[in-house]
Amino acid sequence: MNPNEKSHKRALNIIAAYGAEHSAWPEEERGATLNALQSSDQLTEMLSEAASLDSLLQRSARVATLDGAYLAQQIAHRVPQQLTLSQRLSRRLEVVAESLSSDAWKPALAASLTLSAGLAVGSTTYEPVEDWSQAEHYSFTVVGEEY
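Read in our numbering, the sequence shown has 107 at position 107, and its numbers run on one by one without any break.
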């Protein structure tokens, strides 16, 4: 590839990348690109196409308007907040209070209290039996056998 072809190809790349505005081109390559433009009709045609594209882009450009306060508020609402100890304790107490307000725990409490009372009474009134003869006599009588 000879130097003219290289500069021609480089000029094509610069126009394709930076558009038709000379000030947008890299300073160190601006002179070589302008020289290549003077010697090539293809580059001149590409420059005019890039100029029309640049003008269309400039006409259709929209400027984004952002409300900084609104944006900050939206971001702050989406960021999870660290709860203080009192807030965490309050939430846990609310959950416990909610669970106690339902009636699901009442039957379980009644059954456990009855069981506890039976165990307490049974363990305090227990008298060990050393003579099992009466118990054996009664059990064989119920079964219908003689002993």
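The beta carbon of each residue, even a glycine, is placed where N, CA and C say it ideally should be.
Since A111 is in the alpha helix (DSSP H), which residue starts that stretch and which ends it?
Segment 105-124, the alpha helix (DSSP H) holding A111.
If L43 sits next to H8, beta carbons under 8 Å apart, how far is it from one beta carbon to the other, in whole angstroms?
Right, their Cβ atoms sit about 7 Å apart.
Within its chain, find whatever has a CB closer than 7 Å to the CB of E21; leave out the 5 residues flanking it on each side and keep chain order.
The residues are D54.
Whole angstroms is fine: what's the gap from S23's alpha carbon to H77's?
Each residue's Cα considered, the two are about 44 Å apart.
Using only CA atoms, which one of V121, N4, D131, S52 lies nearest to Q38?
The shortest Cα separation from Q38 among V121, N4, D131, S52 belongs to N4.
Drop a sphere of 10 angstroms on the beta-carbon of T33, count the other beta-carbons inside from all chains shown, and report buried for 16 or more, exposed for fewer.
Label assigned to T33: buried.
Just to confirm, are R10 and E29 a CB contact at a threshold of 8 Å?
Contact flag set, yes.
Alpha helix (DSSP H) containing N4: first to last residue?
Segment 3-18, the alpha helix (DSSP H) holding N4.
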